[in-house]
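One structure below.
There are 2 protein chains.
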Amino acid sequence: MPPETTPNRSRRSESSRRAILDATYGLVLEKGYAKLTIEAIAARAGVGKQTIYRWWPSKGAVMFDSFLDVADDRSGEDVALPDTGDIAADLKAVLRATVDEYNDAAYSARLRALNAELLTDPKLSAELFERMLAPGLAAYLTRLEAARSAGEIAADADLETAIEVLLSPIHYRWQLGTGPLTHAFTDSIVDLVLTGLRPPRPRD
Amino acid sequence: MPPETTPNRSRRSESSRRAILDATYGLVLEKGYAKLTIEAIAARAGVGKQTIYRWWPSKGAVMFDSFLDVADDRSGEDVALPDTGDIAADLKAVLRATVDEYNDAAYSARLRALNAELLTDPKLSAELFERMLAPGLAAYLTRLEAARSAGEIAADADLETAIEVLLSPIHYRWQLGTGPLTHAFTDSIVDLVLTGLRPPRPRD
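Going down the list, the sequences are from chains B and H. Residue 181 in the UniProt record's numbering sits at position 181 of the first sequence, with consecutive numbering throughout. Residue 141 in the UniProt record's numbering sits at position 141 of the second sequence, with consecutive numbering throughout.
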């Protein structure tokens with residue numbers, strides 16, 4: 001057997017990595033995270049368990065990367081919020097799209113698995129914040145700063161808090177089942193928050 | 001050996017139940033939920049595994065009841081929100097106390113375990129909503145309705161949404177690590193939401 005060349009080896013590594021992430025993704029959707037095992041991932045991906053353990057320390061870490069993998073694929077589309085010059089319309093459009101995503105069974109199943117893992121693993125949680133959450137929050141901040149410059153939002157508004165106040169009710173309702181995740185719900189959040197952020201009228 | 005009488009048996013059942021819940025509580029704090037086992041609970045509580053399985057179908061169910069047990073003990077104190085006639089001051093006081101609780105390591109550890117379990121078990125999630133969450137949300141609604149009657153809040157305000165908008169940022173920041181859980185953060189949420197809920201001025 002000829003000695004393996006580096007390009008071949010790295011191509012094969014990449015195809016194994018891809019197969020492992022895809023297998024993990026499929027298995028979480030079909031069986032749920034609680035029943036996910038490294039054995040099942042290895043069997044479906046057609047690799048040995050050692051190949052998985054060489055790259056990931058736990059099933060949580062593989063699942064996390066399979067989730068991030070999808071997020072990274074989409075990072076081109078998702079970085080900036082729309083800016084039509086109407087902050088209410090733009091936020092409503094983005095939050096409607098967000099609840100549509102949460103209402104998708106496949107997305108929701110993976111997000112449940114991810115969140116359950118994060119709750120028991122603070123290191124993964126910090127990595128999630130850096131890789132997934134922080135870029136999203138930064139995009140909201142950019143859009144709200146533009147609205148503030150345009151006079152749609154008060155000059156002294158606490159924008160960091162406002163962003164979490166906009167986004168967290170969706171996560172909360174999805175996770176705790178406090179009510180239906182509808183466009184009416186997200187529109188109502190946007191109306192409430194933007195009224196709270198409105199600049200004072202001239203006579204103030 | 002004389003036949004056992006019913007009162008004795010039920011006293012013994014109650015003391016086993018108590019020992020199991022306390023053992024579960026302690027073990028979650030010490031080792032985390034992921035490492036909790038029915039064997040360890042049985043050993044610490046001084047009961048057989050069968051005694052646990054007779055009452056609970058899974059470790060998640062025991063953990064859930066050990067959490068609810070504490071919540072039930074406190075239900076007397078917690079049902080109503082303070083009403084000093086100043087809705088901003090009352091909400092700030094309650095949300096400050098809420099973040100103090102989330103910042104308590106023991107409380108936070110149990111809440112992580114509970115939330116991880118809820119994410120993978122929709123039936124437990126529905127029970128949590130009924131037993132723990134719904135009474136709390138109802139207490140907020142009562143207080144906000146009083147503020148609306150007093151003219152502190154607009155007559156047409158969407159109070160159900162407002163309550164989730166008030167509470168969810170704390171849960172979100174605690175779970176996802178988006179920033180520090182401080183009194184300044186909760187005060188800022190209250191200010192933003194109450195500005196959004198304010199009745200229109202007469203000239204509107």
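Every residue gets a Cβ at the ideal spot worked out from N, C-alpha and C, and that includes glycine. Computed from a predicted model, the values in this text were never measured in an experiment.
**OP:** In the DSSP assignment, find the alpha helix (DSSP H) that holds H/Ala97 and state where it starts and stops.
**Re:** As a first step, residue 97 of chain H is located in the second sequence; it is residue number 97 there, counting from the start. Where H/Ala97 is concerned, the enclosing alpha helix (DSSP H) stretches over Ile87 to Tyr102.
Original post:
So, is the C-beta of H/Thr142 closer than 9 Å to a C-beta in chain B?
Top reply: Here residue 142 of chain H refers to the residue found at position 142 of the second sequence. Cβ-Cβ to chain B under 9 Å: no for H/Thr142.
**OP:** Answer yes or no: do H/Ile170 and H/Thr186 have a C-beta to C-beta separation smaller than 9 Å?
**Re:** For the purposes of this step, residue 170 of chain H is taken as the residue at position 170 of the second sequence. For the purposes of this step, residue 186 of chain H is taken as the residue at position 186 of the second sequence. In this structure, H/Thr186 lies closer than 9 Å to H/Ile170 by Cβ.
Subject >> Beta carbon of B/Ile189 nearer than 9 Å to that of B/Leu159 >> reply: Along the first sequence, read from residue 1 onward, the residue named residue 189 of chain B stands at position 189. Along the first sequence, read from residue 1 onward, the residue named residue 159 of chain B stands at position 159. Going by C-beta atoms, B/Ile189 is not nearer than 9 Å to B/Leu159.
Original post:
Do B/Thr161 and H/Glu164 have their C-beta atoms within less than 9 Å of each other?
Top reply: Locating residue 161 of chain B in the first sequence gives position 161, counting from the first residue. Locating residue 164 of chain H in the second sequence gives position 164, counting from the first residue. Not closer than 9 Å, so no.
Subject >> 7 Å Cβ shell around B/Leu137 - same chain, five flanking residues per side excluded >> reply: Counting from one through the first sequence, the residue named residue 137 of chain B turns up at place 137. Within the same chain, B/Leu137 has close Cβ partners Ile163.
Subject >> C-beta atoms of B/Ser16 and B/Val62 nearer than 9 Å >> reply: Translated into the one-based positions of the first sequence, residue 16 of chain B becomes position 16. Translated into the one-based positions of the first sequence, residue 62 of chain B becomes position 62. The answer is no: Cβ separation not under 9 Å.
Subject >> Residues near B/Phe67 in its chain [Cβ-Cβ closer than 6 Å; skip 5 each side] >> reply: Taking the first residue of the first sequence as position 1, residue 67 of chain B is located at position 67. Only Arg110 and Leu114 meet the Cβ criterion.
Original post:
With a cut-off of 8 Å, do at least 3 Cβ pairs link the stretch 138-156 of chain H to the stretch 79-89 of chain H?
Top reply: yes
**OP:** Using the Cα positions of H/Ile153 and H/Tyr33, report the straight-line distance between them to the nearest angstrom.
**Re:** The count along the second sequence starts at 1 and reaches residue 153 of chain H at position 153. The count along the second sequence starts at 1 and reaches residue 33 of chain H at position 33. The alpha-carbon atoms of H/Ile153 and H/Tyr33 are separated by roughly 42 Å.
Original post:
Using the rule of at least 16 other Cβ atoms within 10 Å of the residue's Cβ for burial, across every protein chain shown, is H/Thr24 buried or exposed?
Top reply: Within the second sequence, the letter at position 24 stands for residue 24 of chain H. That one is buried.
Original post:
Does any C-beta atom of chain B lie closer than 9 Å to the C-beta of H/Gln50?
Top reply: As a position in the second sequence, residue 50 of chain H is number 50, starting the count at 1. With 9 Å as the cut-off, H/Gln50 does not count as an interface residue toward chain B.
Subject >> Beta-carbon contacts of B/Ala155 that lie in its chain and below 8 Å, excluding the five residues immediately before and after >> reply: Along the first sequence, one-based indexing puts residue 155 of chain B at 155. Arg148 and Pro199, listed in sequence order.
**OP:** Can you grab the Cα-Cα spacing for the pair H/Thr37 / B/Thr182, in whole Å?
**Re:** Here residue 37 of chain H corresponds to residue number 37 of the second sequence, with the count starting at 1. Here residue 182 of chain B corresponds to residue number 182 of the first sequence, with the count starting at 1. About 39 Å.
Original post:
Residues of chain B with CB under 7 Å from H/Ile189, in chain order?
Top reply: One-based indexing of the second sequence puts residue 189 of chain H at position 189. Per Cβ cutoff of 7 Å: Thr161 and Val165.
**OP:** Determine the DSSP secondary structure at H/Glu117, reduced to helix, strand or coil.
**Re:** For the purposes of this step, residue 117 of chain H is taken as the residue at position 117 of the second sequence. Correct three-state label for H/Glu117: helix.
**OP:** Would you identify the three-state DSSP class for B/Thr24, choosing helix, strand or coil?
**Re:** Your numbering for residue 24 of chain B matches position 24 in the first sequence. It is helical.
Subject >> Nearest-angstrom Cα separation, counted from H/Asp65 out to residue 209 of chain H >> reply: Residue 209 of chain H lies beyond the residue range present for chain H, which begins at 1 and ends at 204; the question has no answer from this structure.
Subject >> Exposed unless 16 or more other CB atoms sit within 10 angstroms - verdict on H/Ser10 >> reply: Here residue 10 of chain H refers to the residue found at position 10 when the second sequence is read from its first residue. Its Cβ having fewer than 16 others within 10 Å, H/Ser10 is exposed.
**OP:** Since I believe B/Ala42 is in contact with B/Lys49 (beta carbons under 8 Å), could you give me their beta-carbon distance rounded to a whole number of angstroms?
**Re:** Residue numbering aside, residue 49 of chain B sits at position 49 when the first sequence is read from its first letter. Residue numbering aside, residue 42 of chain B sits at position 42 when the first sequence is read from its first letter. Indeed they touch by this definition, with Cβ atoms about 5 Å apart.
Original post:
Is the CB of B/Tyr53 under 9 Å away from at least one CB in chain H?
Top reply: Residue mapping note: residue 53 of chain B aligns to position 53 of the first sequence, counting from 1. Closer than 9 Å: no.
Original post:
What separation, rounded to the nearest whole angstrom, lies between the Cα atoms of H/Asp90 and B/Arg131?
Top reply: For the purposes of this step, residue 90 of chain H is identified with residue 90 of the second sequence, where counting begins at 1. For the purposes of this step, residue 131 of chain B is identified with residue 131 of the first sequence, where counting begins at 1. Taking the straight line from one Cα to the other gives about 38 Å.
Original post:
Is there a Cβ from chain H that is less than 9 Å from the Cβ of B/Thr120?
Top reply: The residue labelled residue 120 of chain B in the question sits at position 120 within the first sequence. Answer yes: the Cβ-Cβ gap between B/Thr120 and chain H drops below 9 Å somewhere.
Subject >> Same chain, Cβ closer than 6 Å to B/Lys59, neighbours up to 5 away in sequence not counted >> reply: Position 59 of the first sequence holds residue 59 of chain B. Here the set comprises Leu36 and Ile38.
Subject >> Check whether H/Leu27 and H/Ala106 have beta carbons under 9 Å apart >> reply: Position 27 of the second sequence, counted from the start, is the residue given in the question as residue 27 of chain H. Position 106 of the second sequence, counted from the start, is the residue given in the question as residue 106 of chain H. No, the pair does not count as a contact, with Cβ atoms beyond the cut-off.
Original post:
Do you know offhand how far H/Ser75's Cα is from H/Glu101's?
Top reply: Walking along the second sequence from the start, residue 75 of chain H turns up at place 75. Walking along the second sequence from the start, residue 101 of chain H turns up at place 101. With a pLDDT of 49 at H/Ser75, under the threshold of 50, the modelled position of that residue is not reliable, and no figure is offered here.
**OP:** Report yes or no: is there a C-beta of chain B within less than 9 Å of the C-beta of H/Pro57?
**Re:** Against the second sequence, residue 57 of chain H aligns to sequence position 57. Closer than 9 Å: no.
Original post:
Relative to chain H, which residues along the stretch 171-183 of chain B have a C-beta separation below 8 Å, given in chain order?
Top reply: His171, Tyr172, Arg173, Gln175, Leu176, Gly177, Thr178 and Gly179
**OP:** Determine the DSSP secondary structure at H/Ala147, reduced to helix, strand or coil.
**Re:** As a working note, residue 147 of chain H is residue 147 in the second sequence. In the structure shown, H/Ala147 sits in a helix (DSSP, three-state: H, G or I).
Original post:
By the 10 Å Cβ neighbour count, where 16 or more other Cβ atoms means buried, how is B/Arg112 classified, buried or exposed?
Top reply: By 1-based counting over the first sequence, the position of residue 112 of chain B is 112. B/Arg112 comes out buried.
Original post:
Mind checking B/Glu14: buried by the 16 CB within 10 Å criterion, or exposed?
Top reply: Sequence index remark: in the first sequence, residue 14 of chain B carries index 14 (1-based). Exposed, because fewer than 16 other Cβ atoms sit within 10 Å of the Cβ of B/Glu14.
Subject >> Short CB-CB distance (under 9 Å) between B/Pro2 and chain H >> reply: As a working mapping, residue 2 of chain B is identified with position 2 in the first sequence. Bear in mind that the predicted position of B/Pro2 carries a pLDDT of just 48, short of 50, making it unreliable; the figure below should be weighed with that in mind. Not one chain H Cβ lies under 9 Å of B/Pro2.
Original post:
Within this structure, are the beta carbons of H/Gln175 and B/Leu118 separated by less than 9 Å?
Top reply: Within the second sequence, the letter at position 175 stands for residue 175 of chain H. Within the first sequence, the letter at position 118 stands for residue 118 of chain B. Yes. Within cutoff.
Subject >> Whole-angstrom C-beta distance between B/Ser168 and H/Ser168, which should lie under 8 Å >> reply: Along the second sequence, read from residue 1 onward, the residue named residue 168 of chain H stands at position 168. Along the first sequence, read from residue 1 onward, the residue named residue 168 of chain B stands at position 168. With a Cβ gap of about 4 Å, H/Ser168 and B/Ser168 count as contacting.
Subject >> Cut-off 6 Å between Cβ atoms - residues of its own chain near H/Asp69, not counting five sequence neighbours on either side >> reply: In the second sequence, residue 69 of chain H corresponds to position 69, counting from 1. Cβ neighbours of H/Asp69 beyond the five flanking positions: Leu21.
Original post:
Secondary structure at H/Thr182, three-state DSSP: helix, strand or coil?
Top reply: As a first step, residue 182 of chain H must be located in the second sequence, where it is residue number 182. Reduced to three states, the DSSP call for H/Thr182 is coil.
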